[in-house]
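Written out below as structure tokens is the structure these notes cover.
Number of protein chains: 2
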Amino acid sequence: MFAVTILGNNSAVPAFDRHPTSQVVTLDGSNYLVDCGEGTQIQLINYKIRRSKISHIFISHLHGDHYFGLIGLLNSLSLLSHQQEMHVFGPSPLKEIIELQLKVADTKICYPLHIHHITEPATLLDNEKLTVKCFRTNHRIECYGFVFAEKKRLRKLNAEKAKAFEIPAAFYERLKDGKDYTQKDGIVIKNEEVTFSGEPGKRYAFCADTKYDESIIPHIQGADLIYHETTYLDNLRERAEARFHSTTKQAAAIAQQAGVKKLLIGHFSSKYDTLEEFEAEAREVFPNTELALEGVCYEV
Amino acid sequence: MFAVTILGNNSAVPAFDRHPTSQVVTLDGSNYLVDCGEGTQIQLINYKIRRSKISHIFISHLHGDHYFGLIGLLNSLSLLSHQQEMHVFGPSPLKEIIELQLKVADTKICYPLHIHHITEPATLLDNEKLTVKCFRTNHRIECYGFVFAEKKRLRKLNAEKAKAFEIPAAFYERLKDGKDYTQKDGIVIKNEEVTFSGEPGKRYAFCADTKYDESIIPHIQGADLIYHETTYLDNLRERAEARFHSTTKQAAAIAQQAGVKKLLIGHFSSKYDTLEEFEAEAREVFPNTELALEGVCYEV
Chain A
56 MFAVTILGNN
66 SAVPAFDRHP
76 TSQVVTLDGS
86 NYLVDCGEGT
96 QIQLINYKIR
106 RSKISHIFIS
116 HLHGDHYFGL
126 IGLLNSLSLL
136 SHQQEMHVFG
146 PSPLKEIIEL
156 QLKVADTKIC
166 YPLHIHHITE
176 PATLLDNEKL
186 TVKCFRTNHR
196 IECYGFVFAE
206 KKRLRKLNAE
216 KAKAFEIPAA
226 FYERLKDGKD
236 YTQKDGIVIK
246 NEEVTFSGEP
256 GKRYAFCADT
266 KYDESIIPHI
276 QGADLIYHET
286 TYLDNLRERA
296 EARFHSTTKQ
306 AAAIAQQAGV
316 KKLLIGHFSS
326 KYDTLEEFEA
336 EAREVFPNTE
346 LALEGVCYEV
Chain B
56 MFAVTILGNN
66 SAVPAFDRHP
76 TSQVVTLDGS
86 NYLVDCGEGT
96 QIQLINYKIR
106 RSKISHIFIS
116 HLHGDHYFGL
126 IGLLNSLSLL
136 SHQQEMHVFG
146 PSPLKEIIEL
156 QLKVADTKIC
166 YPLHIHHITE
176 PATLLDNEKL
186 TVKCFRTNHR
196 IECYGFVFAE
206 KKRLRKLNAE
216 KAKAFEIPAA
226 FYERLKDGKD
236 YTQKDGIVIK
246 NEEVTFSGEP
256 GKRYAFCADT
266 KYDESIIPHI
276 QGADLIYHET
286 TYLDNLRERA
296 EARFHSTTKQ
306 AAAIAQQAGV
316 KKLLIGHFSS
326 KYDTLEEFEA
336 EAREVFPNTE
346 LALEGVCYEV
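Rendered as structure tokens:
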């Protein structure tokens, strides 16, 4: 499954039981954390998401509501004897901040921790399952969005053909993965003969904090799901502009122009105690919009 | 009222819905925050404690479970247009850590923020209501406990005498505060004639993280209430010693030798899912012991 679970959907100040930004992108059992506002480690516990399965953390920018929970999470993983490598990506000087806090506490992280500074749009991760690329957004300080692109999906089994060739069912997973089958007599059954091509890989784009800016569109064009911030309702366009944030209809306009399949909206200002209007306004422009609600898992 | 409300009672890693260390000492409507683990600002909201009433924050040491929530709280107060002065006391280099995080976020705190480095045992605060002194504890890194000493309490009204002198009831509060009353004819009624002396001021001592160390006793001698950490049950004395923490019976022995009236225990290791045994063990040595439970307000 390729999905994103929302851990926090509020902007700067926690309010109305909404938490600062954090999301977990899950693909085939691996967890990729996007932003890590204060309390993220507690939200991970609340929603029973295994911290130990997180291998990569992507921090969009160094406003506190997007990273104040990072040091606590890294620290706790160490106290819990985490073993695996951890890669953190974020703007400079994230590494210096984390290292200073570890140094004054006389703390040595027990697992291999690599903090990478993002300096320009680039491919941050490229493994067998997905690539993660970043792009600049238009915010008050250096800020990046992230595109998670699943690699080509598994092929589909042609069960009738597979049976006709007497391929054992135990080999079906490998067929879906594109492998050929070699019979006992040495004859090779080419994969294409017993499978159909799979769907193209899906894409999820996290557009971070940003004012309305069409220059992000090429990066997210045609994505299956995007998250775009909507700090304000559309009557506060001027305030949004001044604070480098977006409104409902601006987020929806980006989704529409980018031809994406679905839009998630979040990063709600703490001046709003209810969220129905956000959804209604965005849907006027882009009908397939949903609120990013904490604890909810959205399939890409 | 002079009281302490527990916001977090767990040690290093959040677990079992227990949060890292933070407490609010309340005296006559002022709030003094002691330690500020991650999520403290959310706990303040949960327990309806007004953040705007906090004027002083005391950080015992720079292990993350005692201060990772500080930057978020200071930041949120600024976003909420806090006006009053804020004084933060903690070991060096707390000021540099906070200032670095504000700088990279291009954030200017909107209220007067003063971060004071504690360098040695000293009086940190001395106002009309209380004094706050600090003392060194025996922990892995530089660490301080804090003693909150209420100034002499209000005098008690001798209602019969006050009526006999025809002192208006509207003046009674000032009588309790020690003021003399001047009659219309210019004759001064001395305060002592119409009041009884009040009780002596009470004292609350927060003993921070510490291994068993009798050298803290002179600082907390005879206090009305102390909080002493009990990271472990008493069968783990060696582990406690090695990690500069204390056990139940060690905390209770300190309370007993210091002749305090009541002991609160907390900073429970996340290896324990229930806490009954902590209370039972400590009470074997010092009967007037209570668990420091989150959300509960303990009168000093």
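Chains A and B, in that order, give the protein sequences. Sequential numbering from 56 applies to the first sequence in the numbering used here. Sequential numbering from 56 applies to the second sequence in the numbering used here. Think of the CB as a built atom: it goes at the ideal place given N, C-alpha and C, for glycine as much as any other residue.
*Taking only beta-carbon atoms, is Asp161(B) less than 8 angstroms away from chain A?*
yes
_For a test of the three-state rule: what should DSSP assign to Leu135(A), helix, strand or coil?_
coil
*Determine the burial state of Ser252(B): buried for a count of at least 16 other Cβ atoms within 10 Å of its Cβ, exposed for fewer.*
exposed
*asked:* If I follow the unbroken beta strand (DSSP E) through Asn86(A), where does it start and stop?
replied: Ser85 to Cys91
*Could you list which residues in chain B have their beta carbon closer than 7 angstroms to that of Asn365(A), in chain order?*
Absent from the structure is residue 365(A), since the part of chain A shown begins at 56 and ends at 355.
*Which residues, in order along the segment 134–165 of chain B, keep a beta-carbon less than 7 angstroms from a beta-carbon of chain A?*
Leu134, Leu135, Pro148, Ile152, Leu155, Gln156, Val159, Ala160 and Asp161
*Quick one: what does DSSP say Glu269(A) is sitting in, helix, strand or coil?*
helix
*Span of the alpha helix (DSSP H) holding Leu149(B)?*
Leu149 to Val159
_Bridge partner(s) assigned by DSSP for Leu168(A)_ = Met141(A)
*Assign Arg105(A) to buried or exposed, taking buried as 16 or more other Cβ atoms, counted over all protein chains shown, within 10 Å of its Cβ.*
exposed
_Leu82(A): first and last residue of the uninterrupted beta strand (DSSP E) it sits in_ = Ser77 to Leu82
*Which runs of the beta strand (DSSP E) fall wholly inside the segment 167–251 of chain B and span at least 3 residues, in chain order?*
168–173, 178–181, 185–191 and 199–205
*Anything in the segment 180–197 of chain B with a Cβ closer than 9 angstroms to a Cβ of chain A? List those residues in chain order, please.*
Arg195 and Ile196
_Tell me which residue opens and which closes the beta strand (DSSP E) that Phe113(A) is part of._
Ile109 to Phe113
_Among Tyr327(A), Gln276(A) and Lys150(A), nearest to Val315(A) - alpha-carbon criterion_ = Gln276(A)
*At a Cβ threshold of 8 angstroms, is Ala67(A) touching chain B?*
yes
*Where DSSP assigns a beta bridge to Pro146(B), which residues make up the other side?*
Ile173(B)
*Using a Cβ cut-off of 7 angstroms, which residues of the segment 283–295 of chain B contact any Cβ in chain A, in chain order?*
none
*Under a three-way DSSP split, which group does Ala306(B) fall into?*
helix
*Grab the span of the alpha helix (DSSP H) containing Val340(B) for me, first residue to last.*
Glu331 to Val340
_For Gln96(B), would you say it is in contact with chain A, using Cβ-to-Cβ distances shorter than 8 angstroms as the test?_
yes
*Could one say the Cβ of Ile104(B) lies closer than 8 angstroms to chain D's Cβ atoms, at least one of them?*
The structure shown contains no chain D; its protein chains are A and B.
*Using three-state DSSP, classify Arg105(B) as helix, strand or coil.*
coil
*7 angstroms Cβ shell around Leu185(A) - same chain, five flanking residues per side excluded*: Leu82, Phe203, Ala204, Glu205 and Lys206
*For the candidate residues His74(A), Ile281(A), Phe333(A) and Phe144(A), whose alpha-carbon lies nearest to that of Asp289(A)?*
Phe333(A)
*asked:* Would you say Phe123(A) lies against chain B (beta-carbon separation less than 8 angstroms)?
replied: yes
*If we cut at 8 angstroms on Cβ distances, does Ile100(B) have a partner in chain A?*
yes
_List, in chain order, every chain B residue whose beta-carbon is nearer than 7 angstroms to that of Glu93(A)._
Glu93, Gly94, Gly124 and Gly127
*Spell out a yes or no on whether the segment 130–138 of chain A and the segment 163–177 of chain B are touching, meaning 3 or more CB-CB pairs, one atom from each, closer than 8 angstroms.*
no
*Per DSSP, which one or two residues make a beta bridge with Arg292(A)?*
Answer by DSSP bridge pairing: none, since Arg292(A) is not bridged.
_Phe261(B) and Thr286(B) closer than 8 angstroms at C-beta_ = no
_Looking at the secondary structure, which residues open and close the beta strand (DSSP E) in which Tyr259(A) lies?_
Arg258 to Phe261
*Inter-residue spacing [alpha-carbon to alpha-carbon] between Ile153(B) and Ile126(B)*: 6 angstroms
*asked:* Applying the 10 Å Cβ sphere with the 16-neighbour rule, what's the burial state of Glu151(B)?
replied: exposed
*Cβ-based burial, Ser107(B) [other Cβ within 10 Å; buried from 16]*: exposed
_Residue(s) in a DSSP beta bridge with Asn343(A)_ = Looking at the DSSP assignment, Asn343(A) forms no beta bridge with any residue, so it has no partner.
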